[in-house]
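Student: If you scroll down you'll find the structure; I have some questions about it.
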Amino acid sequence: MQKLHIGIIDIVSKGPTRALYARVMNANLASIMPQVLGVWCRQLGHDVTLVCYTGFENLLEELPSTLDVLFIGAFTEAAHTAYALSNIFRERGAITVLGGPHARCYPEDAQQYFDYVLGFTDRETLLDVLQDCSQHRPMGVHLSAARQPRALPGVRERWEFIEPTLKKTPVLKMVPMIGSLGCPYTCSFCIDADVPYQPMDFDVLREDLRFLRTQFRRPLVAWHDPNFGVRFDDYLDMIEEAVPPGSIDFAAESSLSLLSEPHLKRLKHNGFKALLPGVESWFDLGGKSKTGALQGMDKVRQISAHVNLILKYVPYVQTNFVLGLDCDEGEEPFELTKRFLDLTPGAFPGYSLLTAFGRAAALNLNYQRARRVLPFPFHFLNNNQAMNVRPRNYGWRDFYDHVIELTRYSFTAKAIYRRFSATQGTTSRWLNVVRAVSTEGFGRLKYYKEIRARLDTDRQFSPYFEQEADELPAFYTDMVRRDLGTLWDRLPTGSLNHDPYGYLKSERSATQLVSVPLAPAVRL
Ligand code: B12
Ligand code: SF4
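Following my numbering, the numbering of the sequence shown begins with 322 at its first residue and continues without gaps.
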């Protein structure tokens with residue numbers, strides 16, 4: 322194969338920004354797969370330029386103007402940024418390829434704007450693309466490996482891409498690692514519910530941890546595993562064999578069911594500084610949090626006691642909740658979350674508005690069948706700027722009133738102070754304060770209030786939310802225009818809109834699927 326000039330963009334910012342928080346945090350959101358592709362492409366003898374787009378770069382200057390192929394990794398919230406970039410680089414003669422969460426969730430939409438759209442991607446999938454390497458327009462080709470790759474290049478091999486990315490952030494430098502793919506649990510709302518669990522190569526992980534200690538005085542590793550610690554002892558044995566206890570700081574997403582007290586002791590001993598367990602709901606998903614059939618206030622008490630126990634061992638804990646689930650009704654779920662905050666002042670609450678990300682989960686077919694999916698542009702699908710599923714048990718005004726009240730309660734001066742006092746460690750304490758007073762706490766409260774006010778005052782809002790009109794309120798179009806900056810002019814015609822029922826339409830010919838209940842189960 323001839324030597325190709327390959328560009329890779331890892332989009333972690335929807336558009337240009339100057340925000341201080343973005344300067345500190347965005348490079349820490351870098352994804353693993355774009356770096357993996359960079360390693361594989363170089364191993365195949367190609368010339369690679371990788372840019373992690375944090376919102377501060379001029380991509381047209383940083384990437385060569387004569388690329389043969391451009392790979393873009395994007396979340397759905399960055400789909401329009403990716404579409405505009407594809408448009409620009411296609412005009413310059415490049416073949417464009419999209420991968421990442423957006424490609425997995427909305428392939429049929431992305432195919433209109435890319436030559437290739439990739440689902441699961443292994444070395445062979447990459448080879449197929451590079452060998453074919455031709456224009457597929459107007460509809461791109463959708464390719465996916467049969468399963469997740471068995472192995473991925475580790476930190477040492479990805480270092481040539483990790484190092485320049487981390488140079489972009491002045492203080493906190495998180496190295497992305499992954500110890501497993503898939504998950505043995507099958508929570509029906511999750512993109513990994515059908516993906517078999519597989520550990521990555523322990524020898525590579527061990528070597529990577531040792532290597533990191535040669536690069537930093539005290540490295541900080543963010544595990545990107547969907548559920549870290551499923552084979553708990555194997556992973557902790559590996560860490561203990563690799564490095565002296567506590568010489569590396571770790572952050573991970575783990576389900577509560579994995580965080581028993583003996584496990585917490587071992588995590589503390591080995592430098593785990595941040596954990597992000599999912600609570601999701603007080604009325605469902607008990608399997609994930611090991612609360613079984615417990616519901617309501619009983620579940621609040623049990624989870625609160627568990628999270629307070631975690632906080633004794635791990636300084637930073639974020640508990641994740643989904644707002645607007647079908648099992649929720651009335652003010653009780655919101656009130657229960659407030660009681661949880663009272664009982665667990667040290668935990669930072671992460672709230673997500675229920676969002677159906679296209680093909681992410683079979684459960685989304687149920688929402689589509691019930692015609693409950695709204696066509697909010699991808700730009701707003703990041704779990705907070707829009708909720709694209711009409712709530713089953715709430716009117717929109719009522720729902721936003723509850724969300725506003727809960728957000729306000731979570732970030733009052735009193736709540737911030739209580740969180741500060743109940744948290745150990747300077748970094749954890751101040752990180753909680755910064756998150757509360759920046760876009761995440763105060764920022765979202767202001768935004769939700771604006772949405773709620775417009776439901777009463779903006780004549781375009783209510784009909785759109787009630788699915789009586791398709792016309793996107795100008796408020797949202799203006800926001801995309803502002804956020805995309807100069808990329809707005811390069812958006813392909815019609816690409817602001819997508820078919821929110823694309824998944825259902827493509828599945829219609831297949832056997833009628835049975836309704837998927839919101840209950841987790843464990844696959845052996
Ligand atoms: C780790 C993780 C994070 C980490 C790291 C993010 C990152 N930049 O990688 C953190 C905590 C920072 C994070 C943040 C967010 N996340 Co997140 N996250 C995950 C998680 C748990 C694992 C993803 C992962 O790395 N898997 C391992 C990789 C190797 O596997 P994979 O993702 O399946 O990728 C395969 C293919 O897609 C492909 N591929 C992947 N990338 C690329 C890139 C290219 C160029 C190519 C060709 C191929 C390719 O190859 C891989 C191997 O087959 C998933 C949930 C899950 N269970 O998957 C959610 C998930 C990806 N996150 C999600 C969301 C919504 C977010 C946030 C918007 C949340 C928020 N409100 O802040 C932010 C956005 C951050 C950003 N813009 O970068 C959604 C994405 C939905 C969507 N369609 O956009 C998911 C699916 C969870 C969900 N709600 O269902 N997240
Ligand atoms: S525990 Fe459930 S939500 Fe978490 S990664 Fe596994 S399947 Fe997904």
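The beta carbon of each residue, even a glycine, is placed where N, CA and C say it ideally should be. Here the structure is a predicted model, which is why all the values come from computation and not from measurement.
Taking the alpha carbon of G461 as the reference point, which residue from H326, R468 and D453 has its own alpha carbon closest?
Tutor: One-based indexing of the sequence shown puts residue 461 at position 140. Comparing Cα positions, the closest option is D453.
Student: Give every residue of the same chain whose Cβ lies closer than 7 Å to the Cβ of S468, excluding the five residues on either side of it in the sequence, and list them in chain order.
Tutor: Within the sequence shown, residue 468 is the residue found at index 147, counting from 1. Correcting the residue identity first, residue 468 is Arg in this sequence and not Ser. F441, listed in sequence order.
Student: Hey, quick one: how far does the beta strand (DSSP E) through Q639 stretch, first residue to last?
Tutor: Start at 1 with the first residue of the sequence shown, and residue 639 comes out as number 318. Start and end: Y637 to L644.
Student: Could you spell out the range, first to last residue, of the alpha helix (DSSP H) harbouring V621?
Tutor: Translated into the one-based positions of the sequence shown, residue 621 becomes position 300. Run containing V621: G617 to Y634, per the alpha helix (DSSP H) assignment.
Student: Examine ligand 1 and report whether any of its heavy atoms sits within less than 8 Å of the Cβ of Y427.
Tutor: Walking along the sequence shown from the start, residue 427 turns up at place 106. Yes, the Cβ of Y427 comes within 8 Å of a heavy atom of ligand 1.
Student: What's the gap between the Cα of I725 and the Cα of K770?
Tutor: Locating residue 725 in the sequence shown gives position 404, counting from the first residue. Locating residue 770 in the sequence shown gives position 449, counting from the first residue. Here the alpha carbons of K770 and I725 stand approximately 7 Å from one another.
Student: My output table needs one value for L845: the three-state DSSP class, helix, strand or coil.
Tutor: Indexing the sequence shown from 1 puts residue 845 at position 524. For L845, the predicted model reports a pLDDT of 26, less than 50, meaning its position is unreliable and no value from the coordinates is stated.
Student: Compute the Euclidean distance between the alpha carbons of Y721 and E478, then round it to the nearest angstrom.
Tutor: The residue given as residue 721 occupies position 400 in the sequence shown. The residue given as residue 478 occupies position 157 in the sequence shown. Straight through space, the alpha carbons of E478 and Y721 are spaced by roughly 47 Å.
Student: Kindly give me the distance between the Cβ atoms of F642 and E601, rounded to whole angstroms, as I take these residues to be in contact under 8 Å.
Tutor: On the sequence shown, residue 642 is found 321 positions in, with the first residue counted as 1. On the sequence shown, residue 601 is found 280 positions in, with the first residue counted as 1. Confirmed, about 6 Å.
Student: Looking only at C-alpha atoms, which of F537, D619 and I499 sits nearest to N548?
Tutor: Within the sequence shown, numbered from 1, the residue matching residue 548 stands at position 227. The shortest Cα separation from N548 among F537, D619 and I499 belongs to I499.
Student: How close, in whole Å, do the beta carbons of T640 and P598 come, if the pair is a contact with beta carbons under 8 Å?
Tutor: Sequence index remark: in the sequence shown, residue 640 carries index 319 (1-based). Sequence index remark: in the sequence shown, residue 598 carries index 277 (1-based). With 8 Å as the limit, T640 and P598 qualify as a contact, their Cβ atoms being about 6 Å apart.
Student: Give the range of the beta strand (DSSP E) segment to which G328 is assigned.
Tutor: Position 7 of the sequence shown, counted from the start, is the residue given in the question as residue 328. Start and end: H326 to I332.
Student: Sort I393, A543 and L646 by Cα distance to F510 and report the nearest one.
Tutor: In the sequence shown, residue 510 corresponds to position 189, counting from 1. Ranking I393, A543 and L646 by Cα distance to F510 puts L646 first.
Student: For Y404, which residues from the same chain have a beta carbon less than 7 Å from its beta carbon, with the 5 sequence-adjacent residues on both sides left out?
Tutor: As a working note, residue 404 is residue 83 in the sequence shown. Y434, L812, P813 and S816.
Student: Flag A707 as yes if its beta-carbon sits less than 9 Å from any beta-carbon of chain D, otherwise no.
Tutor: No chain D is present in this structure, which holds just one protein chain.
Student: Leaving out five residues on either side along the sequence, give the residues of the same chain with a beta carbon under 6 Å from the beta carbon of G359.
Tutor: Stepping through the sequence shown from its first residue, residue 359 is reached at position 38. Correct list, in chain order: I329, V369, L371 and F482.
Student: Verify the contact flag: S576, CB atom, against every heavy atom of ligand 2, threshold strictly below 8 Å.
Tutor: Start at 1 with the first residue of the sequence shown, and residue 576 comes out as number 255. Flag set: Cβ of S576 near ligand 2.
Student: Report the residue from L675, L541 and A466 whose alpha carbon sits nearest the alpha carbon of V476.
Tutor: As a first step, residue 476 is located in the sequence shown; it is residue number 155 there, counting from the start. It is L541.
Student: Taking the beta carbon of I327 as the centre, do at least 16 other beta carbons fall within 10 Å, making it buried, or is it exposed?
Tutor: Stepping through the sequence shown from its first residue, residue 327 is reached at position 6. Label assigned to I327: buried.
Student: Taking three-plus beta-carbon pairs below 8 Å as touching, is the stretch 557–564 in contact with the stretch 614–634?
Tutor: A contact is defined here as three or more CB-CB pairs under 8 Å, and the stretch 557–564 fails this definition with respect to the stretch 614–634.
Student: Identify whether M460 lies in helix, strand or coil by the three-state DSSP scheme.
Tutor: The residue you call residue 460 lines up with position 139 of the sequence shown. Here M460 sits in coil by DSSP.
Student: Quick check on DSSP: helix, strand or coil for Y721?
Tutor: Against the sequence shown, residue 721 aligns to sequence position 400. It is helical.
Student: Give me the Cα-Cα distance between H723 and E382, rounded to the nearest whole angstrom.
Tutor: As a working mapping, residue 723 is identified with position 402 in the sequence shown. As a working mapping, residue 382 is identified with position 61 in the sequence shown. Their backbone Cα atoms lie some 46 Å apart in a straight line.
Student: Find the nearest neighbour of F396 within the set N408, V333 and R411, judged by alpha-carbon distance.
Tutor: Taking the first residue of the sequence shown as position 1, residue 396 is located at position 75. When only C-alpha atoms are compared, the closest one is V333.
Student: Can the beta-carbon of P636 be found closer than 9 Å to that of S759?
Tutor: By 1-based counting over the sequence shown, the position of residue 636 is 315. By 1-based counting over the sequence shown, the position of residue 759 is 438. For P636 and S759, no; Cβs fall outside 9 Å.
Student: When you compare the CB positions of V694 and V492, do they come within less than 9 Å of one another, or not?
Tutor: Counted from its first residue, the sequence shown places residue 694 at position 373. Counted from its first residue, the sequence shown places residue 492 at position 171. With contacts defined as CB atoms closer than 9 Å, V694 and V492 fail to qualify as a contacting pair.
Student: Thinking C-alpha only, which one of A683, R711, R739 and P698 is nearest V801?
Tutor: To locate residue 801, count along the sequence shown from 1; it is residue 480. The shortest C-alpha separation from V801 is found at P698.
Student: Which full runs of the alpha helix (DSSP H) of 4+ residues lie inside the stretch 664–694, going along the chain?
Tutor: Inside the stretch 664–694, DSSP marks whole alpha helix (DSSP H) runs of 4 or more residues at positions 684–690, from first to last along the chain.
Student: If you measure from the CB of L597, is any heavy atom of ligand 3 nearer than 8 Å?
Tutor: No copy of ligand 3 appears in this structure; the ligands present are ligand 1 and ligand 2.
Student: Buried or exposed for R718, please, with buried defined as at least 16 other CB atoms from any protein chain shown within 10 angstroms of its CB.
Tutor: As a position in the sequence shown, residue 718 is number 397, starting the count at 1. That one is exposed.
Student: To the nearest angstrom, how far is the alpha carbon of H700 from that of L533?
Tutor: Start at 1 with the first residue of the sequence shown, and residue 700 comes out as number 379. Start at 1 with the first residue of the sequence shown, and residue 533 comes out as number 212. Whole-angstrom Cα-Cα distance: 35 Å.
Student: Using CA atoms only, rank isn't needed, just tell me which of P474, S465 and R587 is closest to P566.
Tutor: Taking the first residue of the sequence shown as position 1, residue 566 is located at position 245. Minimum Cα distance to P566 is reached at R587.
Student: Helix, strand or coil for A431 per DSSP?
Tutor: Here residue 431 refers to the residue found at position 110 when the sequence shown is read from its first residue. Residue state, collapsed to three classes: helix.
Student: Taking the alpha carbon of H367 as the reference point, which residue from M322, R339 and D546 has its own alpha carbon closest?
Tutor: Translated into the one-based positions of the sequence shown, residue 367 becomes position 46. Out of M322, R339 and D546, M322 has the C-alpha closest to the C-alpha of H367.
Student: CB-CB under 6 Å to H584, same chain, minus the five flanking residues each way: which ones, in chain order?
Tutor: Position 263 of the sequence shown, counting from 1, holds the residue named residue 584. Excluding positions up to five away in sequence, the list reads F553.
Student: I want to check one thing, is the minimum distance from the CB of D513 to the heavy atoms of ligand 2 below 8 Å?
Tutor: Counting from 1 along the sequence shown, the entry for residue 513 is found at position 192. True, at least one ligand heavy atom lies under 8 Å from that Cβ.
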